[in-house]
Amino acid sequence: MALEELKISQMDASQFLLLAASTTLKSLRLGRAWTDDRPGDEVEATVRARLRKYRYQFPTVWDTTSHPLLHKHPGILSELEVLDIPLRRLSQHNHHQHNLDTINGILQVCYATLQTLTVRFYGCCERFPDLSRLVALRKIQLHARNSCSENRNLNIAYPSGAMTLVSCKRLLSRISPTFPVSSVEFNLRSDFTDEFPNNWSDTQFLHVDSLPQLRRVWDKIDMLLSDRERFPHLVRVVLNLWLELYVEKRPKKSENLAGEEEQLNHDDEVWSDRSQIEWTESLKRQKAQIIGEHLSIEKLLPRLSSRLTVIRNFTLSQKDCNQPQDKQLLVC
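Positions 1 to 332 (the working numbering) are the ones given, in order, by the sequence shown.
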């Protein structure tokens, strides 16, 4: 069977030789580490592989010269049609600048063939790759996330919904009207940890009524995408929204358990079918309430929704580590 897709955590020169000689490999997801044994110029004659899909990830150890594939054998990336890249806010270290330089190098190699660009934001980004030459670009997929606890950010990598959406808007504003972009997809994920799940309001991507700064960002995205001069070929916009609730408060024990049986099962926190059903119904009601109050497309993207159909998908999940391991996660 011919090798068409490869996921590998690290690569040395001998493994690279196998990859480079392949005429069937089209998709590569390379992990964060290269060994010290890097592929050299002497293997150039054996390079026949031409990837169609590549997911680039942050390496664990930075080589200031360049990404090994890009630096030594850029031809492998010259016919990419699908590229998946991470973007992280710049820090006082040069690591993220090297990451940006590598991404720019990959884009320079595959600019004529790239059709789908996936960008995963880690934090609010101030600098972006050069997108000025992507003449074949048709689809943009944006992934962003924020994570909060008791109305406080847990990690700078996951800031508020408004700050994260700013990165999405800034990148979209760099797309040339001459590109044949017909599809834009937002994948927005929010994690919230609290003793009381109802406290999650005002921390996510959706609360445009109570967060003026979030309303302003959605308005800017709406104006940008609805502008026919800026996106003349746009026919499809998708909003994929996830809200993940992590409950710290231990729920009430089932009323069906009593006396000795309850004492024996106290540590395992045995839950009756009734408890699971009640939990499921409660989450469904919460999802319906969120959709009704915050997920109106006409509220989030009023101008764009009058121009084209905006597809909305919403997933609500709740995890409680106090429950039995096989029943900790509920998704609806």
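Don't be surprised by glycine CBs; every beta carbon is placed ideally from N, CA and C.
Beta-carbon proximity check, residue i vs residue j, cutoff 9 Å
i: residue 56; j: residue 101; result: no
i: residue 320; j: residue 246; result: yes
i: residue 172; j: residue 145; result: no
i: residue 369; j: residue 294; result: Residue 369 is absent from the structure shown; the chain starts at 1 and stops at 332.
i: residue 244; j: residue 191; result: yes
i: residue 123; j: residue 88; result: yes
i: residue 58; j: residue 99; result: yes
Contact test: residue i Cβ vs the ligand GDP heavy atom, cutoff 8 Å
i: residue 289; result: Within the structure as shown, the ligand GDP is missing, as the structure has no ligands at all.
Residue i (DSSP reduced to helix, strand or coil)
i: residue 278; result: helix
i: residue 270; result: Because the pLDDT of residue 270 is 44, which lies under 50, any placement of that residue in the model is unreliable, and the question is left without a value.
i: residue 318; result: strand
i: residue 175; result: coil
i: residue 227; result: coil
i: residue 305; result: helix
i: residue 217; result: helix
i: residue 185; result: strand
i: residue 167; result: helix
i: residue 298; result: helix
i: residue 257; result: Residue placement at residue 257 is poorly supported in this model, since its pLDDT is 39, which falls under 50; the coordinates still yield a value, given next. Coil at residue 257, not helix or strand.
i: residue 293; result: helix
i: residue 232; result: coil
i: residue 312; result: strand
i: residue 180; result: coil
i: residue 283; result: helix
i: residue 87; result: strand
i: residue 51; result: coil
i: residue 77; result: helix
i: residue 70; result: helix
Residues near residue i in its chain [Cβ-Cβ closer than 7 Å; skip 5 each side]
i: residue 291; result: 314
i: residue 310; result: 237, 239, 297, 301 and 304
i: residue 312; result: 239, 295 and 297
i: residue 283; result: 316, 318, 330 and 332
i: residue 163; result: 124
i: residue 230; result: 177 and 224
i: residue 132; result: 176
Cβ shell of residue i (< 6 Å), same chain only, five flanking positions each side left out
i: residue 307; result: 226
i: residue 222; result: 301, 303 and 304
i: residue 331; result: 317
i: residue 120; result: 86 and 143
i: residue 118; result: 84 and 141
i: residue 165; result: 217
i: residue 116; result: 82 and 139
i: residue 242; result: 189 and 315
Other residues of its chain near residue i: CB distance less than 8 Å, five sequence neighbours each side excluded
i: residue 182; result: 138, 139, 233, 234, 235 and 236
i: residue 80; result: 51, 52, 53, 54, 106, 109, 110, 113 and 114
i: residue 170; result: 125 and 128
i: residue 287; result: 314, 316 and 332
i: residue 168; result: 121, 142, 144, 186 and 221
For this session: Taking 8 Å as the threshold, find out whether the region 175-182 comes into contact with the region 212-222 through three or more Cβ pairs.
Result: no
Problem set entry | Every unbroken beta strand (DSSP E) within the region 97-150, with a cutoff of 3 residues, ordered by chain | 116-122 and 139-149
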